[in-house]
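Okay, so here's the structure we're looking at.
Protein chains: 2
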Amino acid sequence: MSSREDTIDTFLTNNQSKFIQELTELCAQPSVSARKEGVQECAALVASILARHHLDVQLIPTGGSPVVVGRASGGSPQTLLLYNHYDVQPPEPLDLWTTPPYQPTVREGALYARGAEDDKGEFIARLAALEAVRFAHDGKLPCGVTFVVEGEEEIGSPHMAEFVQGHLDLLKSQATIWEGGGISVEGNPGSVLGLRGVLSVEIAVKTMSQDAHSGSAHALPSAAWRLIRVLTSIKDEHEHILVPGFYEHAKPPTDDDLALIDARPDMETWLKETFGVSQFVNDLHGRNLDKAVFNPTCNIQGIVTGYQGQGMKTVIPARAVAKVDFRLVPDQDPKDIFAKLRHYLDQSGFADVSLTWLGAMWPFKAPADNPFVQLTAKTAEAVYGKPYEMMPLVGGSSPVYAFAKPLGNIPVVMAGTGYPNNNAHAPDEHIRLEDFHNGARHIARILDGFASLG
Amino acid sequence: MSSREDTIDTFLTNNQSKFIQELTELCAQPSVSARKEGVQECAALVASILARHHLDVQLIPTGGSPVVVGRASGGSPQTLLLYNHYDVQPPEPLDLWTTPPYQPTVREGALYARGAEDDKGEFIARLAALEAVRFAHDGKLPCGVTFVVEGEEEIGSPHMAEFVQGHLDLLKSQATIWEGGGISVEGNPGSVLGLRGVLSVEIAVKTMSQDAHSGSAHALPSAAWRLIRVLTSIKDEHEHILVPGFYEHAKPPTDDDLALIDARPDMETWLKETFGVSQFVNDLHGRNLDKAVFNPTCNIQGIVTGYQGQGMKTVIPARAVAKVDFRLVPDQDPKDIFAKLRHYLDQSGFADVSLTWLGAMWPFKAPADNPFVQLTAKTAEAVYGKPYEMMPLVGGSSPVYAFAKPLGNIPVVMAGTGYPNNNAHAPDEHIRLEDFHNGARHIARILDGFASLG
Chain A
4 MSSREDTIDT FLTNNQSKFI QELTELCAQP SVSARKEGVQ ECAALVASIL
54 ARHHLDVQLI PTGGSPVVVG RASGGSPQTL LLYNHYDVQP PEPLDLWTTP
104 PYQPTVREGA LYARGAEDDK GEFIARLAAL EAVRFAHDGK LPCGVTFVVE
154 GEEEIGSPHM AEFVQGHLDL LKSQATIWEG GGISVEGNPG SVLGLRGVLS
204 VEIAVKTMSQ DAHSGSAHAL PSAAWRLIRV LTSIKDEHEH ILVPGFYEHA
254 KPPTDDDLAL IDARPDMETW LKETFGVSQF VNDLHGRNLD KAVFNPTCNI
304 QGIVTGYQGQ GMKTVIPARA VAKVDFRLVP DQDPKDIFAK LRHYLDQSGF
354 ADVSLTWLGA MWPFKAPADN PFVQLTAKTA EAVYGKPYEM MPLVGGSSPV
404 YAFAKPLGNI PVVMAGTGYP NNNAHAPDEH IRLEDFHNGA RHIARILDGF
454 ASLG
Chain B
4 MSSREDTIDT FLTNNQSKFI QELTELCAQP SVSARKEGVQ ECAALVASIL
54 ARHHLDVQLI PTGGSPVVVG RASGGSPQTL LLYNHYDVQP PEPLDLWTTP
104 PYQPTVREGA LYARGAEDDK GEFIARLAAL EAVRFAHDGK LPCGVTFVVE
154 GEEEIGSPHM AEFVQGHLDL LKSQATIWEG GGISVEGNPG SVLGLRGVLS
204 VEIAVKTMSQ DAHSGSAHAL PSAAWRLIRV LTSIKDEHEH ILVPGFYEHA
254 KPPTDDDLAL IDARPDMETW LKETFGVSQF VNDLHGRNLD KAVFNPTCNI
304 QGIVTGYQGQ GMKTVIPARA VAKVDFRLVP DQDPKDIFAK LRHYLDQSGF
354 ADVSLTWLGA MWPFKAPADN PFVQLTAKTA EAVYGKPYEM MPLVGGSSPV
404 YAFAKPLGNI PVVMAGTGYP NNNAHAPDEH IRLEDFHNGA RHIARILDGF
454 ASLG
């Protein structure tokens, strides 16, 4: 280890409690974009935190939550863009949290809170890295940095593409570190090269002007049953999506993609233990569980219909609503899928069923041999002492697509603080302090090496 | 009109405001059996109201809500049993009420409140009839009366059969007036001769120990989708129930049954207007809508799974629950149907799916030519000045079966205060003051004529 890396690591160790305090402050502020809860307050807090770390801050309004941008110039003309988000998933169900989601609590070497990992912990770890690099370079940064922290990632980043298009000069950069990333079950660092797109819709059925007594179920039409018939018309029991043309632009995995997955650990046991699953979708096993990421999906986020309380209520529901998301593979296009779904419903006798666009992201896939990708891999292997794993495509989605192409097909990698059991999006979300530390070390090394790539 | 009938009618007119005040007091007391809300308080109030009307009152505990029994002897050894219930359906959705459900309000000639009709209004109308008959007979009743007012009708009367079996002497009577009844769309009085049974169950699916991110939907099993597959395995798109043996004991309608329905008004227009329906189940029309009551049904009362809030949440639900009721025709047996459904799920690969018995009632069908049925018809035609309509079987259920057989196959009729647009079980439930008055007149005439039947 060079003396500069030593300096960085020591700085991060000595100052960890300060950064965890900063993370605690940020996690205590709710910021649920799905219901606009605390979002404005959180944006203001993020702006003040960025300013505290000597970045020039702009709080830029969009049609939804504001985007917070923090910039600093450095010793080289190269600029690295770091993407994070300050919004979080709703914390429900609250009764499954050991400690309340907005009362950040450290126990057994981890900080528990909604957003502790996704994405507030990752954001603060990057600020820690920035401070460490500045300290190791006598108060100056070796390259320019631009933080983009948005507030609508958890609802599909509906304004991000437009925001990037409208601020190309402000965001000009030569590479991007995305949110996410971290280590695998075995502790290996890695990054994903591709992300699926997503289309979220609301499907609503109304069969009557009011609920009716279930004694009339032989005559009066049930919205609950009709919604079920709509849903089963969209996907069969083997997970095949029945909308004509749905798979038209879906690229199958290449042999290289499959080889990368075959080189990775088998996730079956971990998935079984983490989610208490006895049987997977389509009875998949072993690495086929990961390879199935190349299958687009149709997932039901939730259904609301009829009586929701205790006991029973003998009613026929007049209304039924399902929220559904489709995860899309390259080169499927959410707009195309939405149009095909609407057309299919119309053709299938469901013209009366309403279909509402809730949000979408496009799929993305990056080249594995880019120098910045290679820098990320090399520095990660140094930090974690383990081989770097690349995943050609993962199941989730992010607005990577909205940055990479408009900014000149720049490389995008993930380098984060995650580990597989962190309960992101679920009760008892947490970040381990060790992962926070190593994530910061990794980002610091990328910042350190980035200037010399240019 | 005889002078005694004249006396009765005048008494009811002169004292209506007093009885409506009594109904207001009763409706202001919540009594939602589905969640045990105010049930004990309401039982105590019913007991005090019965005592106020000079009945000997017993408040008898059961495994659930208490049953309130009020008795009075009369000039003949004949005793008439009157069944009512003091529990109500949950008032939700609250935002669809014009005035709050527990703030009884009179407007445009009707009293609006949860329970105004079903079944508190009907109960108070019977007490009004009792007072009127007593007044017309110089303070004495011509026959004995026994009021049985239970508190679990809206959750399927789970303790009523056992209660009757345990109190055969207390309940000894020669005929029963059930809850329900009233007039049709055209203003014709009538009664139903048969009621369907009902089996309510909860079907619960658990596929994982916790919700997961929808980015894993290609691998992790969704409880929402699995519940949908369970439900579609139970009933096909043409309303045919697929559980083997389900129709084994279902009696088809007789020619007489169908003739009674053919003699009745066509309900299609009323149903269309009341429920805003454009297409009925199986595209039924005209009197086939009523004849379909001989088809048992499988209705979804409600589904709870996944994210229930605003916006969206990209999760795969780990749990999904449906409450389902089956309406059963004579001679289907809920216990037999429950066993067949469990067996079918086990055989269909759904052995992991939990099936919970929520409640049941057995079907019932009474003879049309019984003298008490004929008395009810004749007095109704006198009160309403219109022909009496008999319905061989209606879609709803009640614990009639639990009384009729154990008490010696006594006749059971309905004679009530209902009209089709009263919104029972729905927001803005109400009772028209005119229906309250005529319902009381009818009951008074039955009481008056009952002694001479014996």
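Heads up: the protein sequence lines correspond to chains A and B, in order. Residue 58 in this note's numbering sits at position 55 of the first sequence; the count goes up by one each step and never skips. Residue 287 in this note's numbering sits at position 284 of the second sequence; the count goes up by one each step and never skips. Virtual Cβ for every residue (Gly too), placed ideally from N, Cα, C.
Here G362(B) has I158, G159, P161 and S203 as same chain residues with Cβ atoms under 6 Å from its own Cβ, once five neighbours each way along the sequence are excluded. Contact check for G452(B) and L378(B): beta-carbon distance about 5 Å, within the 8 Å limit, so the pair qualifies. Here R322(B) is buried. Its C-beta has 16 or more other C-beta atoms within 10 Å.
At the C-beta level, R448(A) and E8(A) come within 8 Å of one another. Pairing R38(A) with Y387(A), the inter-Cα distance amounts to about 38 Å.
Only residues of its own chain outside the window of five on either side were considered, and among them V246, P247, G248 and F249 have a CB closer than 8 Å to the CB of K343(B), listed in chain order.
The beta-carbon of Q92(B) is placed less than 8 Å from the nearest beta-carbon of chain A.
In this structure the region 36 to 55 of chain B does not lie against the region 138 to 146 of chain B, because fewer than three pairs of beta carbons, one per stretch, are closer than 8 Å.
Cβ proximity to chain B below 7 Å picks out T300, N302, I303, Q304, G305, I306, V307, T308, G309, Y310, Q311, G312, Q313 and G314 from the region 300 to 314 of chain A. Secondary structure at Y115(A): strand, using DSSP grouped into helix, strand and coil.
Q313(A) sits exposed, since fewer than 16 C-beta atoms from the chains shown fall within 10 Å of its C-beta. Y422(A) and S187(A) have their C-alpha atoms roughly 6 Å apart. Taking E40(B) as the centre and dropping the five residues before and after it, the same chain places the C-beta of P33 closer than 6 Å to its C-beta, in chain order.
The beta carbon of N373(B) is closer than 8 Å to those of P414 in its chain, skipping five residues each way along the sequence. Boundaries cannot be given for R290(B), as no beta strand (DSSP E) includes it and DSSP labels it neither H nor E. Excluding sequence positions up to five before and after W273(B), its CB lies within less than 8 Å of the CB of V188 and P423, all in the same chain and listed in chain order. Contact between the region 277 to 287 of chain B and the region 207 to 227 of chain A is present: three or more C-beta pairs spanning the two stretches fall below 8 Å. In terms of beta-carbon proximity, S357(A) stays away from the interface with chain B, with every pair separated by 8 Å or more. Residues of chain B whose Cβ lies closer than 8 Å to the Cβ of W100(A) do not exist; the shortest such Cβ separation is about 12 Å. Going by beta carbons, G419(B) and G197(B) fall outside the 8 Å limit. Within 7 Å of the CB of I158(A), the CB atoms of chain B belong to G314 and M315, in sequence order along the chain.
Short of 6 Å from the beta carbon of F126(A), and not among the five residues preceding or following it, lie these beta carbons of its own chain, in chain order: N87.
Closest by C-alpha distance to Q168(A), out of K408(A), E437(A), V332(A) and L114(A), is K408(A). Taken in chain order, the complete alpha helix (DSSP H) segments of 4 or more residues contained in the region 321 to 372 of chain A are 337 to 350.
Chain B has a Cβ within less than 8 Å of the Cβ of W228(A). In the three-state reduction of the DSSP assignment, R435(A) falls in the strand class, which pools E and B. A residue is called buried once 16 or more other Cβ atoms fall within 10 Å of its Cβ, and G78(A), having fewer, is exposed. Ranked by Cα distance from V71(A), the options K238(A), Y347(A), V49(A) and F297(A) are led by V49(A). Residue contact check for Q282(B) against chain A: a CB pair falls below 8 Å. Taking a beta-carbon distance threshold of 8 Å, I413(A) does not count as an interface residue toward chain B. The beta carbons of N441(B) and E120(B) sit no closer together than 8 Å.
For M417(B), the three-state secondary structure derived from DSSP is strand. Within chain A, F278, G279 and V280 have C-beta atoms less than 8 Å from the C-beta of M211(B), given in sequence order.
Going by DSSP, F406(A) is part of the alpha helix (DSSP H) stretching over V403 to A407. Of all residues in the region 393 to 419 of chain B, only V397, G398, G399 and S400 place a beta-carbon less than 8 Å from a beta-carbon of chain A. In summary, the residues of the region 317 to 328 of chain A whose CB is separated from some CB of chain B by less than 7 Å are T317, V318, I319, P320, K326 and D328, in the order they occur in the chain.
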